[in-house]
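S.K.: Can you read through this structure? Questions will come right after.
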Amino acid sequence: MAKRGNKRGTTTGVEWPTVFLIAACYGAWLVAGLLVWPSYPIAALLLMVLVVALQSSLMHEVLHGHPTRNARINEALVSLPIGLLWPYRRFKTIHLRHHADEKLTDPFDDPESYYRALWQHDDLPEAMKLVLRINNTMAGRFVLGPLLSCIGFFIDDAKAIAAGDKAVRTAWLLHAAGLAIVLPVIQFGFGLPLWLYILVPVWFGHSLISIRTFAEHQWSEHPEGRTVIVERSPLSILFLNNNLHFVHHKSPSVAWYKLPELFRARREEWLRMNKGYAYPNYFALVKAYAFRAKEPVCHPALRRAPEPGRAFVPRVRARNVNGLGTAPVPAEPPKE
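Read in order, the letters of the sequence shown correspond to residues 191 to 526 in this note's numbering.
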């Protein structure tokens, strides 16, 4: 029997539901490619879209210290990058910095913020401003989000590697090793053209994740009012219950399968704590914001003008979803 009692709110043993889900995820990917694709290609592509989205959610779960207490074992469990785009170690570094709730939504200090600094936005070409406005609608985020979220990230990481950043280089070398396995399996094992895999499973798999991330955070003067709760959704299993995002931010070490019970036990308290930033389901978000921006592109309160003095604060490169940004040097940088 697993022992209970550490401060992280988890057990000291293996979280088997997560292990089984990881195995099911990769197993479903193989079944879709080897067995379904030859006879039912459309069904195979749709299944792969779901699998790519689930693997992204599993990467998020693993970087928070699941399903074992050994970081190397956890990393190995999701090391095959069937979603192709994000090196696990880069995702881990960026996302753990995002969990500084007092910095949430800051265009510079939150590497996952969708807001832009007003003074930077003013210098953009009009075409790019239009693209960013479209990306702030739910339909726009679904279609354009995967592309916009990685272009700047790839460019900046390439510059970091060229400048001698060993941690970034190591992350990409490990990612390349995984791709050296995944890409031949797709092309030669499945007989699935890589271009089609990228345009359907990869693109739309990450588009499904954008449904979750679209409204996860908003600006509020109260840090606890910046993170959403979406109470119910058939997509919950695909998102590993991160629709209850405020609960996750407050209890990041709690396993995905325990979040619903944790929320139900204190529902009114959770909703009061996050200042009522909640929706009953994702359909309510689609209905309200499918073709209408939920948030402005520019941050409504922060970074309205350049702050030269901040140049003297030690900072490190960190990507945000728009491809621009830095982050303060953390007191204890997340281990690669």
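For glycine and all other residues, C-beta sits at the position ideal for the given N, C-alpha and C.
Decide if residue 424 is buried, meaning its Cβ has at least 16 other Cβ atoms within 10 Å, or exposed.
M.R.: Exposed, by the Cβ-count rule.
S.K.: Per the contact definition of three or more C-beta pairs closer than 8 Å, is the stretch 399-416 in contact with the stretch 284-292?
M.R.: Contact between the stretch 284-292 and the stretch 399-416 is present, because at least three Cβ pairs lie under 8 Å.
S.K.: Using 10 angstroms around the beta-carbon of residue 227, count the other beta-carbons present and answer buried if the total reaches 16, otherwise exposed.
M.R.: Residue 227 comes out buried.
S.K.: Is the beta carbon of residue 221 closer than 7 Å to that of residue 258?
M.R.: No. Outside cutoff.
S.K.: Less than 8 Å between the CB atoms is what I'm expecting for residue 287 and residue 297, so what's the real figure, rounded?
M.R.: That pair is no contact at about 14 Å.
S.K.: How would you write the range of the alpha helix (DSSP H) that residue 376 sits in, first residue to last?
M.R.: Premise fails: residue 376 is in no alpha helix (DSSP H) and is neither H nor E.
S.K.: Would you call the stretch 321-333 and the stretch 479-490 touching, i.e. three or more CB-CB distances under 8 Å?
M.R.: Yes, the stretch 321-333 is in contact with the stretch 479-490.
S.K.: Closer than 8 Å is the cut-off here; do at least three beta carbon pairs connect the stretch 368-381 with the stretch 345-355?
M.R.: No, the stretch 368-381 does not touch the stretch 345-355.
S.K.: Would you mind stating whether residue 243 and residue 388 have Cβ atoms separated by less than 7 Å?
M.R.: Result no, Cβ atoms of residue 243 and residue 388 do not sit closer than 7 Å.
S.K.: With a Cβ-Cβ cutoff of 7 Å, do residue 422 and residue 471 count as a contact?
M.R.: Yes, the Cβ-Cβ distance between residue 422 and residue 471 is below 7 Å.
S.K.: Looking only at C-alpha atoms, which of 489, 237 and 430 sits nearest to residue 395?
M.R.: Nearest C-alpha to residue 395: 237.
S.K.: Buried or exposed: where does residue 528 fall if 16 or more other Cβ atoms within 10 Å of its Cβ makes it buried?
M.R.: Given a span of 191 to 526 for the chain in the structure shown, any question on residue 528 remains unanswerable.
S.K.: Should residue 266 go down as buried or exposed, given a rule of 16 or more other Cβ atoms within 10 Å for buried?
M.R.: Exposed is the call here.
S.K.: Out of 280, 362, 317 and 308, which has the shortest C-alpha to C-alpha gap to residue 302?
M.R.: Cα-wise, what sits closest to residue 302 is 280.
S.K.: Below 6 Å CB to CB, which residues in the same chain sit around residue 493 once its five sequence neighbours on both sides are set aside?
M.R.: So the list reads 297 and 307, once near-sequence residues are dropped.
S.K.: Please classify residue 328 as buried or exposed, where buried requires at least 16 other C-beta atoms within 10 Å of its C-beta.
M.R.: When all chains shown are included, residue 328 counts as buried.
S.K.: What span of residues does the alpha helix (DSSP H) with residue 460 cover, start to end?
M.R.: Per DSSP, residue 460 belongs to the alpha helix (DSSP H) from 457-463.
S.K.: May I ask you to list the residues that DSSP assigns as paired with residue 306?
M.R.: The partner list for residue 306 (beta bridge, DSSP) reads 488.
S.K.: State buried or exposed for residue 181, treating a residue as buried only when at least 16 other CB atoms are found within 10 Å of its CB.
M.R.: The structure shown does not extend to residue 181, since the chain spans only 191 to 526, so no value can be given for it.
S.K.: Do residue 478 and residue 419 come within 7 Å of each other at the CB atom, strictly closer than that value?
M.R.: Going by C-beta atoms, residue 419 is not nearer than 7 Å to residue 478.
S.K.: Considering residue 236, what are the terminal residues of the alpha helix (DSSP H) in which it resides?
M.R.: That run of the alpha helix (DSSP H) goes 231-253.
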